[in-house]
Structure formats: C-alpha cells, structure tokens
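Peer 1:
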Amino acid sequence: MNIDLVANIAQIVESFVLIASLFYLSLQIKQSNKITKSQTRRTLLKMDIDDIAIGRENPNIIRLWTKEELTPEEKISFAHHLLITMRQREYEWQELQNEAVDPSVFDTYAKILNVHLGAPRSRSWWQEFKEMYNAGFVNFVDSKIKDQPLTQYFQKYEAY
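Going by the working numbering, the residue at position 105 of the sequence shown is 143; the numbering climbs one at a time, nothing skipped.
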C-alpha cells in the first residue's frame, strides 16, 4: 500500500469524523436550548407563584387597587408591589427578546398586565414610574394597555 493511498483514506475518515462531530454538536446545542427554555419557564412560574402568594399572605394588598383613599403606608405597599410585579414582567419580556421563552408562553404571562395596570390607580402609577424600566419594555406595556378598558378583576375577586 502506498503512502498516498493511506493519506487519502485518512482524509476521508477525517471528513466523516468531522461531519459526525458537527452532527453531535448540533444535537447538543438543541438539547441545551431545550434545557434553557425549560429553566426559563420554571423561573417564570416560580416568579408568578411568588406574586400570587403575596395576595394569599397579605389579602389587603388586593384591595389597594380599588380602595378610595390609601394611607401613606398603603401607598408604599402598593407602589412596591407594582415595582416588583412590573420588574418580573420586564424580565419575562427580556427573556422573550432573547428567545429564551416561546411567544405563546410569554403571551400567557403578559395577560396579567391588563390586571395589574387595569385600575385607575395602577395606570397612574405606571405613568409616573415607567421611566425606571427598559424603553422597549415600556413601549410594549403601553401598547398592551392602550385602549384597554379598566379591569373588573378586583371587583369580581371581592364579590367571589
């Protein structure tokens, strides 16, 4: 067997190994993307459950959306609850921008914007404090709540 033949066979084998390596790498990347999206969904769910738990642990926070007048302490509590909630929504939006969450999953979580910002007090708060958030997120939120009627969620909640 001459050396040229061996070199040619080695090049062919090397090409197959390279193709197999690239195929394996693409499978690993797909699997990594699935794991990342799964972790993101888990994070979104945890944040959402934590947000819901606040109402369970402190039912008075729910009434702050519709109560006529707030005490100074209630204003602080209301504002901080919205700060936290909107920061969570901003995180979700950023994950969508980074393609770490599917649009359909994001849309489900984004529906809560019309609840959180669906009362006169919360809309007023948003107008006052939205400058603290990413400009793209602000544009997204503004487009979601624009021309939306005020929510009846809190009244339904109290009537239940």
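For each residue, glycine too, the CB sits at the ideal point set by N, CA and C.
Compare the C-alpha of proline 158 against each of Gln190, Glu137, Asn71 and name the closest.
Peer 2: Start at 1 with the first residue of the sequence shown, and residue 158 comes out as number 120. The option with the nearest alpha carbon to proline 158 is Gln190.
Peer 1: Do threonine 78 and glutamate 128 have their beta-carbon atoms positioned less than 8 Å apart in this structure?
Peer 2: As a position in the sequence shown, residue 128 is number 90, starting the count at 1. As a position in the sequence shown, residue 78 is number 40, starting the count at 1. Going by C-beta atoms, glutamate 128 is not nearer than 8 Å to threonine 78.
Peer 1: Count the other C-beta atoms from every protein chain shown that fall within 10 angstroms of the C-beta of methionine 124, then say buried if there are 16 or more, exposed otherwise.
Peer 2: One-based indexing of the sequence shown puts residue 124 at position 86. Methionine 124 should be labelled buried.
Peer 1: Using 8 Å as the threshold, is the segment 44–56 in touch with the segment 109–121, meaning 3 or more CB pairs across them?
Peer 2: no
Peer 1: Would you check if there are 3 or more beta carbon pairs closer than 8 Å linking the segment 93–106 to the segment 52–64?
Peer 2: no
Peer 1: Counting Cβ pairs closer than 8 Å, one from the segment 75–95 and one from the segment 173–188, do we hit at least three?
Peer 2: no
Peer 1: Would asparagine 152 and isoleucine 183 be called neighbours here (beta carbons separated by less than 8 Å)?
Peer 2: Here residue 152 refers to the residue found at position 114 of the sequence shown. Here residue 183 refers to the residue found at position 145 of the sequence shown. It is a contact, given that the beta carbons lie within the stated cut-off.
Peer 1: Quick one: complete alpha helix (DSSP H) runs, 4+ long, within the segment 89–171?
Peer 2: 98–101, 110–135, 141–148, 151–154, 158–167
Peer 1: Please classify glutamine 160 as buried or exposed, where buried requires at least 16 other C-beta atoms within 10 Å of its C-beta.
Peer 2: Along the sequence shown, one-based indexing puts residue 160 at 122. With the sequence shown as reference, residue 160 is identified as serine, and glutamine is not the correct amino acid for it. Classification for serine 160: buried.
Peer 1: Using a Cβ-Cβ distance cut-off of 8 Å, determine whether tyrosine 195 contacts chain D.
Peer 2: Looking at the structure shown, chain D is missing, and only one protein chain is on hand.
Peer 1: Pull up the distance between the alpha-carbon of arginine 94 and that of glutamate 196, whole angstroms please.
Peer 2: Here the question's residue 94 lines up with position 56 in the sequence shown. Here the question's residue 196 lines up with position 158 in the sequence shown. If I take the Cα positions, the gap works out to 13 Å.
Peer 1: Are tyrosine 147 and glutamate 130 close, meaning C-beta to C-beta below 8 Å?
Peer 2: As a working note, residue 147 is residue 109 in the sequence shown. As a working note, residue 130 is residue 92 in the sequence shown. Judged by beta-carbon spacing, glutamate 130 lies within the 8 Å limit of tyrosine 147, meaning their Cβ atoms are closer than that value.
Peer 1: Suppose the cutoff is 6 Å on Cβ atoms and the five residues either side in sequence are ignored; what does the same chain contact list for valine 139 look like?
Peer 2: What you label residue 139 is simply residue 101 of the sequence shown in a count that begins at 1. These residues qualify, in order along the chain: Thr78, Glu133.
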